[in-house]
Amino acid sequence: MPQTPRQLLERFQQAMLDFSPDALADLFAEDAVYEFPFLAPQREASRYEGREQIRAGFTRAWASPYPSPVVGFRDVRVHDTSDPELIIAEHEFDAVNHATGETFASRFVLFLRARGAQIVHVRDYADVLRLSAGFGRLPQLFGQLQSTDQK
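If you want it as structure tokens, here you go:
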């Protein structure tokens with residue numbers, strides 16, 4: 003049954019709340035692309051190609067020493083575009099830093115393209131500073147940015 007991009011966004015957010023890489027990956031087409039344009043310095047990959055790479059990438063990320071399950075979404079705004087396959091979603095999520103037990107918030111803008119009942123492309127733009135601060139990783143981020151700038 004075809005689903006709208008908005009319906010898929012709701013399921014996407016639920017998979018994040020459930021901390022389920024399988025539920026998340028199952029929303030994507032076999033040849034889907036998931037990109038993190040602003041997170042490149044702190045991720046092993048800034049682009050996942052294909053459903054199984056998306057599944058594997060989120061499985062690794064959520065099992066890393068810095069897992070931070072999303073515990074809630076706030077201030078969700080969904081913008082329709084002239085392209086019926088594409089929506090732009092803004093949201094803030096609350097997550098828990100397991101090392102400190104503290105909850106932190108980070109803002110995201112998501113470009114989500116869907117066809118039929120599957121997501122075919124996501125561009126996920128994060129507030130890298132707030133996200134890194136929430137993880138307690140600002141020094142690592144700054145170090146990575148400095149080493150990238152020197153290359």
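Counting in this note's numbering, the sequence shown runs without a single skipped number right up to 153 at its last residue. We put the CB at the ideal spot given by N, CA and C, even for glycine.
- Selection ALA128, LEU88, GLU92 and ALA65 evaluated against ASP77 yields GLU92 as nearest (Cα-Cα).
- As a beta-bridge residue in DSSP terms, GLN120 pairs with ARG117.
- A straight line joining the alpha-carbon of GLY136 with that of THR105 spans about 8 Å.
- Apart from sequence neighbours up to five positions away, the residues of its chain that approach ALA107 with a beta-carbon distance below 6 Å are GLU94 and ASP96, ordered along the chain.
- When the five nearest sequence neighbours on each side are left out, the beta carbons in the same chain lying within less than 6 Å of the beta carbon of GLN5 are those of ALA119, in order along the chain.
- Spatial neighbours of ALA128 in its own chain (CB-CB distance under 8 Å, excluding positions within 5 residues in sequence) are listed in chain order as PHE38, PHE40, LEU41, SER108, ARG109 and PHE110.
- Leaving aside the five residues that flank LEU29 on each side, the residues in its chain whose CB is nearer than 8 Å to its CB run, in chain order, LEU10, ARG13, PHE14, ALA17, GLN120 and ILE121.
- Cα atoms of PRO7 and ARG139: separation of roughly 33 Å, rounded to the nearest angstrom.
- For LEU19, no beta strand (DSSP E) encloses it; the enclosing alpha helix (DSSP H) starts and ends at 7-20.
- For GLY136, the enclosing alpha helix (DSSP H) begins and ends at 130-137.
- The criterion of a C-beta distance shorter than 8 Å is satisfied by ARG53 and ALA34.
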